[in-house]
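Encoded as structure tokens, the structure appears first; notes follow it.
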Amino acid sequence: MPANILTTDDLREFKLELLQEIKKLISSSNLSPNPEAKRFLKSSEVQELLNLSPTSLQNLRNARELPFSKVNGTFFYDWNDIIELIAQNKKETKPKRKSN
19 MPANILTTDD LREFKLELLQ EIKKLISSSN LSPNPEAKRF LKSSEVQELL
69 NLSPTSLQNL RNARELPFSK VNGTFFYDWN DIIELIAQNK KETKPKRKSN
């Protein structure tokens, strides 16, 4: 089997191809690494993000715990409101006791 010798140009070309593939994967994913890049999320995205059933998400809307907008029958949620909801429900932990 003959040996293949890689040049720096080959590596540079591979790097560019790899970066293009990574960008495609990120842009096609439901949740981008920077969620603030997508400010408003649909119900299905919020359900996936918070692991909620449709009914649980509806209960949050009905209780006015999670602000939303409704456009042509589709609910939209602001990313910052979701983060705020999580922060409001944060439970503090007790410090561990030292055992003697």
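So the sequence shown is residues 19 to 118, counted in the numbering used here. Just so it is clear, CB atoms sit at the ideal spot from N, CA and C, and this is done for glycine as well. Source: prediction; values computed, not measured.
CA-to-CA distance, residue j to residue i, given in whole angstroms
i: Glu21; j: Phe32; result: The identity of residue 21 in the sequence shown is Ala, whereas the question assumes Glu. Approximately 18 Å, taken between the alpha carbons.
i: Leu78; j: Asn107; result: 13 Å
i: Ile100; j: Leu59; result: 10 Å
i: Ile23; j: Glu35; result: 19 Å
i: Pro113; j: Ala105; result: 20 Å
i: Leu37; j: Arg115; result: 49 Å
i: Lys88; j: Lys42; result: 30 Å
Residue(s) in a DSSP beta bridge with residue i
i: Leu59; result: Tyr95
Residue interval of the alpha helix (DSSP H) (run including residue i)
i: Ser74; result: 72 to 80
N-terminal and C-terminal residue of the beta strand (DSSP E) that residue i is part of
i: Lys88; result: 87 to 89
Outcome for residue i when other beta-carbon atoms lying within 10 angstroms are tallied against a minimum of 16
i: Val64; result: buried
Residues near residue i in its chain [Cβ-Cβ closer than 6 Å; skip 5 each side]
i: Leu103; result: Leu84
Beta-carbon proximity list for residue i, same chain, < 7 Å, skipping 5 on both sides
i: Asp96; result: Arg57, Phe58, Pro85
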